[in-house]
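Chains as they are written, first to last, in the working numbering: chain A, 46 to 590; chain B, 330 to 557.
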């Protein structure tokens, strides 16, 4: 430990249960809360896969099955993926740009505390007499607005809408905070093109929240009026337009995919240079490619409605804009590959997760390009191929990146090292489990197995068995991670300030950082990722701590 | 500094981006001063609470305007496609002289607010409070007028698509007017605190920016609902 860490002793655990305005405390609060929701969402997923283990309907009712996949999607997207990267960004962005805190610390704390309330509200809907929302995380009307005669104003669907709007308000608060912080709080010399890629990805993702999220909020408010107050904006039988809801919904929910994925790509761009001892290849191109997602993502949403009532010219137009996404994505993948090329690789857990994530992401990207092509999309519409592609993005890329981030920044956050052995075991189980779970969905989809079904034709039984066993393995793979993180928090070896010999301002302060991050505001004089500079070299490779 | 260990090797490519072609600071200096206030300076300006706060407020309002954009788009689409706008015999909202007068009061309150803010900058505190209170009063007058109009209409929330969109749009806007008035009351109360303006008057600037935003929205809403 350095002197500064002794001067600023870490506060007690109680701060994590208080209305703290320290961005580091809030970051940890976000990550721990959302990981709890990740475990709940994972249990829901294992219930779904347990039902799909055999072709017959034998574990849950069809009604409950619909509720399970609806809540699995909602929890994983809105209570896990988005908030956990908001938490990671909360912890890292002020450190990376050399700021004392976020721009609006109180707003930051309010934004966090909305989250557990909204999450509890959402999950409590399982205990309503008629159960939770059952119309999928997209909640298309008129299905989502059909109530049975016994349901009153408080029903699963209206609680779902309420929770979504609350999470939306929290996300907008966080987004205002991030964008202002990144534009206004950079330390002297930290020009835009000296910011680490993780800051670029957070900036782009949060700008997307600001621009696109209100469209979902607007759609949900109109849906709530249809559901509970007797209007019929989206009711086709009474002159309404259900397609309008789909446009408003996907105008946010397609960009949302990049809101989840961009921070994950930011993590790859931080971890890969640190463990290959090379500067990130083509830093400036990667930064511009990152930012280019903000405009591109606003003009692709209709590809979610290719099979709906979409005019031909619109389908063709949006097919071309969709394939355009492959350009900045390709730039990123090539940049990571070129960074690894001819380097001295250090195979630590963080690097394994990052490279594992990139490899899986290539498959996710290729199937994405396939789905963007209109004829192929119509062919596999509503099959497991879509589910496979989606989970290759969200689990095999984004969750892998999340684990890479935890192994990489754990010493900075806790001041202690994780166990490498347990980390590698965790990686092996996760990579195997994820592949077994999600790869069979591609052949299943090509053979024509429909999604959102609780029972299916026996011809699909074999691949489903593999997929379900993979899901249970994924459940098991979480255990070594939990053991590793919890034990290392208390018993792990004390970490140095910069155990990975990495560049970046966050590694130049103590581990964990003092209350206001730096003893004095640092001045930046060099570009990011200056690996190869003698200051970052590993002097004694056998000792990290 | 010690030499690099053999394990690390030498980097095979270097970043050469020390000089940024996109220099935000330089860009900012070339802009008119009123626009400069909203453009972030960055680089050690973190103590500029007013600039930071106004930037945050501006991007929040841009985001908030996207909800209205989605509502306006929904209104236009529904009006153009629906088979059931309003039942026969129901006239729909009318740009009567009363409605036009109330709208004029709301929009002109923005100008009163401008002079209130200017008085504060010139440190005429009493004048500021009076003009500020007048703005709130004009906003409340508009809200009362809207409720009276609602009460006198011959269609309800569930009467066709026209009824639903009318009440949701005016109601959502009315909610924003109410929020704006509440913000004004908070700022009025805080103006009586000693040393309230020692760190600038970000709260007053933010509340008035919000009010101008609400007024501009009403102009668009009025054109859509009453003139189309």
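In this text, a Cβ means the ideal position worked out from N, Cα and C, and glycines have one as well. As the structure is a prediction and not an experimental result, all values here were calculated from the model.
Inset, instruction - Compare the C-beta of residue 399/B with all C-beta atoms of chain A and state if any pair is closer than 8 Å. - result: yes
Legend entry - Length of the line joining the Cα atoms of residue 64/A and residue 253/A: 28 Å
Legend entry - residue 435/B, buried or exposed, once every other Cβ within 10 Å from all chains shown has been counted against 16: The residue is buried, with at least 16 neighbouring Cβ atoms inside 10 Å.
Inset, instruction - Compare the C-beta of residue 256/A with all C-beta atoms of chain B and state if any pair is closer than 8 Å. - result: Using a Cβ-Cβ cut-off of 8 Å, residue 256/A counts as an interface residue toward chain B, since at least one Cβ of chain B sits closer than that to its own.
Inset, instruction - Report yes if the C-beta distance between residue 456/A and residue 394/A is below 8 Å; otherwise report no. - result: No, they are not a contact pair.
Inset, instruction - Could you work out which residues of chain A lie near residue 406/B, taking near to mean beta carbons separated by less than 7 Å? - result: 286, 289
Inset, instruction - Indicate whether residue 260/A and residue 307/A have their beta-carbon atoms separated by less than 8 Å. - result: no
Legend entry - Assumed close pair residue 489/A, residue 437/A - CB separation to whole angstroms, cut-off 8 Å: So it is not a contact: roughly 14 Å between Cβ atoms.
Inset, instruction - Check the C-beta distance from residue 511/B over to residue 539/B and give it rounded, since I have them as a contact under 8 Å. - result: Actually they are not in contact, since the Cβ atoms of residue 511/B and residue 539/B sit about 10 Å apart, beyond 8 Å.
Legend entry - DSSP bridge partner residues for residue 177/A (one or two, in chain order): 201/A
Inset, instruction - Check whether the Cβ of residue 420/A lies closer than 7 Å to any heavy atom of the ligand ADP, and answer yes or no. - result: In the structure shown, the ligand ADP is absent, as is every other ligand, since no ligand is present at all.
Inset, instruction - Kindly indicate which residue of 76/A, 66/A, 245/A, 108/A has the alpha-carbon position closest to the one of residue 499/A. - result: Among 76/A, 66/A, 245/A, 108/A, the Cα nearest to that of residue 499/A is on 108/A.
Inset, instruction - Kindly indicate which three-state DSSP category residue 502/A falls into: helix, strand or coil? - result: coil
Legend entry - DSSP state of residue 268/A mapped onto helix, strand, coil: helix
Legend entry - Among 567/A, 93/A, 314/A, nearest to residue 112/A - alpha-carbon criterion: Ranking the options by Cα distance to residue 112/A, first place goes to 93/A.
Legend entry - residue 385/B to residue 222/A span [Cα, whole Å]: 7 Å
Legend entry - DSSP three-state assignment for residue 576/A, whether helix, strand or coil: strand
Inset, instruction - On a CA-only basis, which of 453/A, 445/A, 450/A is nearest residue 476/A? Give me that one, please. - result: 445/A
Inset, instruction - Kindly say whether residue 320/A, judged by its beta-carbon, lies nearer than 8 Å to any beta-carbon of chain B. - result: No, because no Cβ of chain B sits closer than 8 Å to the Cβ of residue 320/A.
Inset, instruction - Below 6 Å CB to CB, which residues in the same chain sit around residue 543/B once its five sequence neighbours on both sides are set aside? - result: 505, 506, 509
Inset, instruction - Answer yes or no: does any C-beta atom of chain E fall closer than 8 Å to that of residue 241/A? - result: Going by chain labels, chain E is absent from the structure shown, which instead holds the protein chains A and B.
Legend entry - Cα-Cα separation, residue 190/A to residue 135/A: 37 Å
Inset, instruction - Assign residue 358/B to buried or exposed, taking buried as 16 or more other Cβ atoms, counted over all protein chains shown, within 10 Å of its Cβ. - result: Burial call: exposed.
Legend entry - Buried versus exposed, by CB contacts within 10 Å (16 or more), residue 352/A: Exposed is the call here.
Inset, instruction - Along the alpha helix (DSSP H) that carries residue 91/A, what are the first and last residues, could you check? - result: Counted as a single uninterrupted DSSP element, the alpha helix (DSSP H) harbouring residue 91/A occupies residues 68–96.
Legend entry - Sheet register partners of residue 428/A (DSSP bridge): 495/A
Inset, instruction - Return yes when the Cβ of residue 115/A is within less than 8 Å of the Cβ of residue 177/A, no when it is not. - result: yes
Legend entry - Cut-off 8 Å between Cβ atoms - residues of its own chain near residue 501/A, not counting five sequence neighbours on either side: 97, 100, 494, 495, 509
Legend entry - Min CB distance residue 515/B to chain A below 8 Å: no
Legend entry - Counterpart residues of residue 461/A in DSSP-defined beta bridges: Residue 461/A is bridged by DSSP to 539/A.
Inset, instruction - Leaving aside the five residues before and after residue 165/A along the sequence, list all residues of the same chain whose C-beta is less than 6 Å from its C-beta, in chain order. - result: Hits under 6 Å: none found.
Inset, instruction - Check whether the Cβ of residue 395/A lies closer than 8 Å to any Cβ atom in chain B. - result: no
Legend entry - Amino acids of chain B, ordered along the chain, whose beta-carbon sits closer than 9 Å to that of residue 293/A: 399, 402, 403
Inset, instruction - Report yes if the C-beta distance between residue 332/A and residue 229/A is below 8 Å; otherwise report no. - result: no
Inset, instruction - Please decide whether residue 548/A counts as near chain B, where near means a Cβ-Cβ distance under 8 Å. - result: no
Legend entry - Residue of 302/A, 161/A, 355/A, 578/A minimising C-alpha distance to residue 343/A: 302/A
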